[in-house]
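*Asks:* All residue numbers for the first sequence refer to numbering that gives the first Met the number 0, where the first residue is 0 and numbers rise by one.
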Amino acid sequence: MSRYNFRDTEEKWQRRWRDGRVFEVAREPARPKYYVLEMFPYPSGKLHVGHVRNYTMGDLVARYRRAQGYNVLHPMGWDAFGLPAENAAIAGGIHPARWTEDNIKTMRGQLERMGFAYDWSRELATCDPDYYRHEQKMFLDFLAAGLAFRKESWVNWDPVENTVLANEQVIDGRGWRSGAIVEKRLLSQWFLRITAFTDELLEAIATLERWPERVRLMQENWIGRSEGARVQFEIAGKKEQIEVFTTRPDTLFGASFLALSPNHPLAERLAQKDQALAEFIAECNRLGTSEAVIEAAEKRGHRTGLEAVHPLDPSRRVSVYVANFVLMEYGTGAIFGCPAHDQRDLDFARKYGLPVLPVVLPPGEDPRRFAVGDTAFVEDGKLYNSQFLDDLAVPAAKRAVGERLEELGRGARTTVYRLRDWGVSRQRYWGCPIPVIHCKSCGIVPVPEADLPVRLPEDVDFALPGNPLARHPSWKHVPCPRCGGVAERETDTFDTFFESSWYFLRFCSPGAASAFLPQDVRYWMPVDQYIGGVEHAVLHLLYSRFFMRALKRCGYVDLDEPFAGLFTQGMVCHETYQDRDGEWLFPEEVAADDKGRLLDPKGRPVAVGRSEKMSKSKKNVVGLDAIVDTYGADTARLYLLSDSPPERDLEWTETGIEGIWRYVSRLWRMVSEPAAPLPPAGAAIPAALAAPLVALRRQTHKTIAAVTDDLDKFRFNRAVARIRELTNALDDIAAAAPGAGAVLREGLEAATRLIGPMMPHLAEEMWHE
RNA sequence: GCGGACGUGGCGAAAGGGUAGACGCAGCAGACUUAAAAUCUGCUCCGGGAAACCGGGUGGGGGUUCGAGUCCCCCCGUCCGCACCA
Numbered sequence: 000m001s002r003y004n005f006r007d008t009e010e011k012w013q014r015r016w017r018d019g020r021v022f023e024v025a026r027e028p029a030r031p032k033y034y035v036l037e038m039f040p041y042p043s044g045k046l047h048v049g050h051v052r053n054y055t056m057g058d059l060v061a062r063y064r065r066a067q068g069y070n071v072l073h074p075m076g077w078d079a080f081g082l083p084a085e086n087a088a089i090a091g092g093i094h095p096a097r098w099t100e101d102n103i104k105t106m107r108g109q110l111e112r113m114g115f116a117y118d119w120s121r122e123l124a125t126c127d128p129d130y131y132r133h134e135q136k137m138f139l140d141f142l143a144a145g146l147a148f149r150k151e152s153w154v155n156w157d158p159v160e161n162t163v164l165a166n167e168q169v170i171d172g173r174g175w176r177s178g179a180i181v182e183k184r185l186l187s188q189w190f191l192r193i194t195a196f197t198d199e200l201l202e203a204i205a206t207l208e209r210w211p212e213r214v215r216l217m218q219e220n221w222i223g224r225s226e227g228a229r230v231q232f233e234i235a236g237k238k239e240q241i242e243v244f245t246t247r248p249d250t251l252f253g254a255s256f257l258a259l260s261p262n263h264p265l266a267e268r269l270a271q272k273d274q275a276l277a278e279f280i281a282e283c284n285r286l287g288t289s290e291a292v293i294e295a296a297e298k299r300g301h302r303t304g305l306e307a308v309h310p311l312d313p314s315r316r317v318s319v320y321v322a323n324f325v326l327m328e329y330g331t332g333a334i335f336g337c338p339a340h341d342q343r344d345l346d347f348a349r350k351y352g353l354p355v356l357p358v359v360l361p362p363g364e365d366p367r368r369f370a371v372g373d374t375a376f377v378e379d380g381k382l383y384n385s386q387f388l389d390d391l392a393v394p395a396a397k398r399a400v401g402e403r404l405e406e407l408g409r410g411a412r413t414t415v416y417r418l419r420d421w422g423v424s425r426q427r428y429w430g431c432p433i434p435v436i437h438c439k440s441c442g443i444v445p446v447p448e449a450d451l452p453v454r455l456p457e458d459v460d461f462a463l464p465g466n467p468l469a470r471h472p473s474w475k476h477v478p479c480p481r482c483g484g485v486a487e488r489e490t491d492t493f494d495t496f497f498e499s500s501w502y503f504l505r506f507c508s509p510g511a512a513s514a515f516l517p518q519d520v521r522y523w524m525p526v527d528q529y530i531g532g533v534e535h536a537v538l539h540l541l542y543s544r545f546f547m548r549a550l551k552r553c554g555y556v557d558l559d560e561p562f563a564g565l566f567t568q569g570m571v572c573h574e575t576y577q578d579r580d581g582e583w584l585f586p587e588e589v590a591a592d593d594k595g596r597l598l599d600p601k602g603r604p605v606a607v608g609r610s611e612k613m614s615k616s617k618k619n620v621v622g623l624d625a626i627v628d629t630y631g632a633d634t635a636r637l638y639l640l641s642d643s644p645p646e647r648d649l650e651w652t653e654t655g656i657e658g659i660w661r662y663v664s665r666l667w668r669m670v671s672e673p674a675a676p677l678p679p680a681g682a683a684i685p686a687a688l689a690a691p692l693v694a695l696r697r698q699t700h701k702t703i704a705a706v707t708d709d710l711d712k713f714r715f716n717r718a719v720a721r722i723r724e725l726t727n728a729l730d731d732i733a734a735a736a737p738g739a740g741a742v743l744r745e746g747l748e749a750a751t752r753l754i755g756p757m758m759p760h761l762a763e764e765m766w767h768e
């Protein structure tokens, strides 16, 4: 029995694909195109099996569509700017460029060994000046169009990475990469005006039909549109006003207090003369935005002593508080509290002994008897205790209050959003330099186009924390392009989401002198199938959608949405292991003894933790090289596709991959030593067949139909199961019916073509056997 | 708290209102072998039965339907996202 030699076979076919430039494509206007893209990787070191699930799915789609006759663009590149390279430089004395290049080389080799059908002629790395020069130009165009601007603002400061994080990058009050508790600092920053497209970005979500519902919902919530009203409260005895935002203007007659954010300008001004308030504000700021801290903290307020006049009933006054639960960044940084109809306001009112006046009557309640206990009434009902609003339903009351406020000039109906502009400045070396120059007399001067790209200097010093660009002895000192006077370069670099917001366009025109050629983009875009992790559901995917619109406004493209189809795949998980000292262990360091207990290399017992996403930090990673060495790329690919539905997490198991290897061997045996003699290729199938052979033919064709349908719908695990059913039937047939050869051949050929997108090397070899 | 997804054998899972558990993993028994590995054959939801077969079974409770894992309502649980968002 000849054993399937995956090593030689896989190398052979990879060589042939490469030498034949089989996957290099060109624009062919007469042919239908299909653009398959997997979210490009950050070159962090080595690939583990968790990384390649994503690429295996993309490759399946690419090869499947290619087999259907599409002109398939399937490129690969490197999201090459980022902090790990700089951290490696700090820790190991290696230059970020060198570290990144080395990693790219390693990882490219790993991808090649997997046999992925990439058009490598289009490969790009975002740290290449030939790449980032184009985004510098884009930035200058955004600047001219008013889509990029500078703003002095409070920022999230990551004290470990010494950089600013976007609000979107702060998770539970911690930096999304470093995990450090984020501090507040005031800095002058560059922003991209994503809010210029808020409504468009929100409304177009409905057109993204081939996106997961979950992702569309997350984007919707992120943009967070809410309709309500701004209302002006006059401060009693002063000429000053406090403007609040509310989504419940209908409950205005139930107002019993006003609350300001601790960062509200009025609160800060009052604190200058009120020591206790200053201390309260300081305390609120110390809480930060950490979820754990906020959850532990109860709602607290500080009474300012000010009284506000009710805008619709001047005879009524309400107290003004500063409260730890009011956000400066949302609405106007001030609210009115209506305890009867908002749970948070009710909790606050009970704590500080404030009145609770119901103004919306629940259906069926008696207006003379109804009272609010511990639970605010937040549903629809009929207004009462509300003068001209009495007897209206909530929606009608909202309208009526809005109109009255507008008549009186004391407010207006308005819509607010949660979405904020995208801060793109980073105080880091390993990123794209922001192409502007600060001149003492001219102010901010764009770098002239002829001077692009602004390249990173290579001789930099990473010994100190902070931005090496700012410390570089000569790099930043340049004459002002406008007046020729003494000036300095901007030393901030772009957030790396800048690069990933347009790389899919560059893949259309890899060598072009401009960012891309319009005819290429018209042909290839949009991406027909984008595949990546759900962790990018908001940031990367929303920024890319914004970028397309910004580029369109600047005349680059004529397209709004970059990704027509999106699939978010589950993660690859593995158990975690810790030794007695709590140190994480790699799976290969753990071995079972004869009683099945797990031991570390020193023979001490190992604690088994729950299965989690493979990550370097917990060492629960299975190296790709070892798997490919032992079982081959095809086996790894089929395992990643077969075991769980693609959108769900997949548990990596050694026994699972062994099972796939047995199947691979069996498939090979079926063609190299067929169960019945096979007629030559193309031989006719006899007109009269025994019943079992008719059944087999039927199953063959049903399998083709079902697998096609499954692949269209990303049900890869089911497709694999159906192919296995067919091969089981093929294996059984020879004994069951004489003269099976021609039907067997037909079935084997079908099976071979069906597994081709999943196990391309084996399929090629079977086809040629 | 709000929004969403999900809950099926020992495990991963399948089931497009119509035979629940396809396809695998693990396990058990057997064949081949001096032996092991590999390979092959059979069994493998639970209870009863030698078997045919009978009864039960998709987190719990109710409902719609000739028929519900699937649709509707309530509850329990797990996971994910968002969040003092006014």
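All residues carry an ideal CB built from backbone N, CA and C; glycine is no exception.
Starting from residue 772 and walking both ways along the beta strand (DSSP E), at which residues does that stretch end?
*Replies:* Lying before the first or after the last residue shown, residue 772 is absent from the chain, which here runs from 0 to 768.
*Asks:* Determine the closest residue to residue 599 out of 214, 578, 298, 694, with distance taken between C-alpha atoms.
*Replies:* For this step, residue 599 is matched to residue 600 along the first sequence. The shortest C-alpha separation from residue 599 is found at 578.
*Asks:* Distance check for residue 373 and residue 424, CA to CA, integer angstroms please.
*Replies:* Walking along the first sequence from the start, residue 424 turns up at place 425. Walking along the first sequence from the start, residue 373 turns up at place 374. The alpha-carbon atoms of residue 424 and residue 373 are separated by roughly 46 angstroms.
*Asks:* In chain order, what residues of the same chain lie with their CB nearer than 7 angstroms to the CB of residue 193, ignoring the 5 residues before and after it?
*Replies:* The residue labelled residue 193 in the question sits at position 194 within the first sequence. 418, 420, 421, 545.
*Asks:* Compute the Euclidean distance between the alpha carbons of residue 652 and residue 51, then round it to the nearest angstrom.
*Replies:* In the first sequence, counting from the first residue as 1, residue 652 sits at position 653. In the first sequence, counting from the first residue as 1, residue 51 sits at position 52. If I take the Cα positions, the gap works out to 15 angstroms.
*Asks:* Closer than 8 angstroms by C-beta to residue 387: which residues in its own chain qualify, once you throw out the five before and the five after it? Chain order, please.
*Replies:* To locate residue 387, count along the first sequence from 1; it is residue 388. Excluding sequence neighbours, residue 387 sits near 399, 403.
*Asks:* If you count every other CB in all the chains shown that lies within 10 Å of the CB of residue 237, and 16 or more means buried, which is it?
*Replies:* Translated into the one-based positions of the first sequence, residue 237 becomes position 238. When all chains shown are included, residue 237 counts as exposed.
*Asks:* What separation, rounded to the nearest whole angstrom, lies between the Cα atoms of residue 258 and residue 144?
*Replies:* The residue given as residue 258 occupies position 259 in the first sequence. The residue given as residue 144 occupies position 145 in the first sequence. Going from the Cα of residue 258 to the Cα of residue 144 covers about 38 angstroms.
*Asks:* Given residue 533, which residues of its chain have a CB within under 6 angstroms of its CB, disregarding the five upstream and five downstream residues?
*Replies:* For this step, residue 533 is matched to residue 534 along the first sequence. Closer than 6 angstroms at Cβ, skipping near neighbours: 567.
*Asks:* Quick check: the Cα distance between residue 253 and residue 282, rounded to an integer number of angstroms?
*Replies:* As a position in the first sequence, residue 253 is number 254, starting the count at 1. As a position in the first sequence, residue 282 is number 283, starting the count at 1. Taking the straight line joining both Cα atoms gives about 30 angstroms.
*Asks:* Any contact of the stretch 513–523 with the stretch 552–563, i.e. 3+ C-beta pairs under 8 angstroms?
*Replies:* The stretch 513–523 is in contact with the stretch 552–563.
*Asks:* Pull the bridge partners of residue 59 from the DSSP assignment, please.
*Replies:* Taking the first sequence and counting its residues from 1, one reaches residue 59 at position 60. DSSP, once it has assigned bridges, lists no residue as partnering residue 59.
*Asks:* Counting C-beta neighbours from all protein chains within 10 Å, is the total for residue 290 16 or more, i.e. buried, or is it exposed?
*Replies:* Taking the first residue of the first sequence as 1, we reach residue 290 at position 291. A caution first: residue 290 carries a pLDDT of 35, below 50, which makes its placement in the model too unreliable to give a value.
*Asks:* Give the straight-line distance between the Cα atoms of residue 443 and residue 435, rounded to the nearest whole angstrom.
*Replies:* Taking the first sequence and counting its residues from 1, one reaches residue 443 at position 444. Taking the first sequence and counting its residues from 1, one reaches residue 435 at position 436. Rounded to whole angstroms, residue 443 to residue 435 spans 7 angstroms at the Cα level.
*Asks:* Put residue 398 into one of helix, strand or coil per three-state DSSP.
*Replies:* Taking the first sequence and counting its residues from 1, the one referred to as residue 398 is at position 399. Helix at residue 398.
*Asks:* Would residue 732 and residue 695 qualify as a contact pair, given that the criterion is a beta-carbon distance under 8 angstroms?
*Replies:* Within the first sequence, residue 732 is the residue found at index 733, counting from 1. Within the first sequence, residue 695 is the residue found at index 696, counting from 1. In this structure, residue 695 lies closer than 8 angstroms to residue 732 by Cβ.
*Asks:* Could you tell me the boundaries of the beta strand (DSSP E) in which residue 91 lies?
*Replies:* Start at 1 with the first residue of the first sequence, and residue 91 comes out as number 92. Taken as a continuous stretch (DSSP letters only), residue 91 belongs to no beta strand (DSSP E), being part of the alpha helix (DSSP H) at 82–91.
*Asks:* What ranges does the alpha helix (DSSP H) occupy inside the stretch 701–747, keeping only unbroken runs of at least 4 residues that lie completely in it?
*Replies:* Runs of the alpha helix (DSSP H) inside the stretch 701–747: 715–735.
*Asks:* Quick one: measure Cβ to Cβ for residue 451 and residue 432, integer angstroms, because I've assumed they're closer than 8 angstroms.
*Replies:* On the first sequence, residue 451 is found 452 positions in, with the first residue counted as 1. On the first sequence, residue 432 is found 433 positions in, with the first residue counted as 1. Actually they are not in contact, since the Cβ atoms of residue 451 and residue 432 sit about 10 angstroms apart, beyond 8 angstroms.
*Asks:* So, for residue 15: in the same chain, excluding its five sequence neighbours on each side, which residues have a beta-carbon less than 7 angstroms away from its beta-carbon?
*Replies:* Residue numbering aside, residue 15 sits at position 16 when the first sequence is read from its first letter. Cβ neighbours of residue 15 beyond the five flanking positions: none.
*Asks:* At a cut of 8 angstroms, does the stretch 90–109 reach the stretch 58–72 through at least three beta carbon pairs?
*Replies:* No: the two stretches stay apart, fewer than three of their Cβ pairs being nearer than 8 angstroms.
*Asks:* Please go through the stretch 454–540 and give each complete alpha helix (DSSP H) segment of 4 or more residues, from N-terminal end onward.
*Replies:* Fully enclosed alpha helix (DSSP H) runs of 4 or longer: 467–470, 496–499, 502–505, 517–523.
*Asks:* By alpha-carbon positions, which one of 185, 126, 128 ends up nearest to residue 155?
*Replies:* For the purposes of this step, residue 155 is identified with residue 156 of the first sequence, where counting begins at 1. The residue with the shortest Cα to Cα distance from residue 155 is 185.
*Asks:* Restricting to runs no shorter than 4 residues, where is the alpha helix (DSSP H) found entirely within the stretch 637–671?
*Replies:* Runs of the alpha helix (DSSP H) inside the stretch 637–671: 653–671.
*Asks:* I'd like to check one pair, residue 758 with residue 636: are the Cβ atoms closer than 8 angstroms?
*Replies:* Residue 636 sits at position 637 when you count from the first residue of the first sequence. Residue 758 sits at position 759 when you count from the first residue of the first sequence. Yes, these two residues count as a Cβ contact at 8 angstroms.
*Asks:* What are the start and end residues of the beta strand (DSSP E) that includes residue 32?
*Replies:* Mapped onto the first sequence, residue 32 falls at position 33. Where residue 32 is concerned, the enclosing beta strand (DSSP E) stretches over 32–37.
*Asks:* Taking only three categories from DSSP, how would you classify residue 249?
*Replies:* Taking the first residue of the first sequence as 1, we reach residue 249 at position 250. The answer is helix: DSSP assigns residue 249 an H, G or I state.
*Asks:* Could you compute how far the alpha carbon of residue 323 sits from the alpha carbon of residue 346?
*Replies:* Within the first sequence, residue 323 is the residue found at index 324, counting from 1. Within the first sequence, residue 346 is the residue found at index 347, counting from 1. In a straight line, the C-alpha of residue 323 is about 13 angstroms away from that of residue 346.
*Asks:* Counting along the chain, where does the beta strand (DSSP E) carrying residue 414 start and finish?
*Replies:* Translated into the one-based positions of the first sequence, residue 414 becomes position 415. Its beta strand (DSSP E) spans residues 410–415.
*Asks:* How would you write the range of the beta strand (DSSP E) that residue 576 sits in, first residue to last?
*Replies:* Position 577 of the first sequence, counted from the start, is the residue given in the question as residue 576. It spans 571–577 - the beta strand (DSSP E) in which residue 576 sits, taken as one unbroken run.
*Asks:* Are there 16 or more other CB atoms within 10 angstroms of the CB of residue 206, so buried, or fewer, so exposed?
*Replies:* Position 207 of the first sequence holds residue 206. With fewer than 16 other Cβ atoms within 10 Å, it is exposed.
*Asks:* Between which two residues does the alpha helix (DSSP H) harbouring residue 630 extend?
*Replies:* The residue given as residue 630 occupies position 631 in the first sequence. Here the alpha helix (DSSP H) through residue 630 covers 623–630.
*Asks:* For the 8 angstroms Cβ check, are there 3 or more pairs between the stretch 602–617 and the stretch 630–646?
*Replies:* They do not touch, by the three-pair rule.
*Asks:* Assign residue 188 to one of three DSSP states: helix, strand, or coil.
*Replies:* Taking the first residue of the first sequence as position 1, residue 188 is located at position 189. Residue state, collapsed to three classes: strand.
*Asks:* Which residue or residues does DSSP assign as beta-bridge partners of residue 567?
*Replies:* For this step, residue 567 is matched to residue 568 along the first sequence. Answer is 531, bridged to residue 567.
*Asks:* Assuming residue 355 and residue 383 form a contact by the criterion Cβ under 8 angstroms, report the distance between their Cβ atoms to the nearest whole angstrom.
*Replies:* Taking the first residue of the first sequence as 1, we reach residue 355 at position 356. Taking the first residue of the first sequence as 1, we reach residue 383 at position 384. Rounded, the Cβ-Cβ distance is 15 angstroms, inconsistent with contact.
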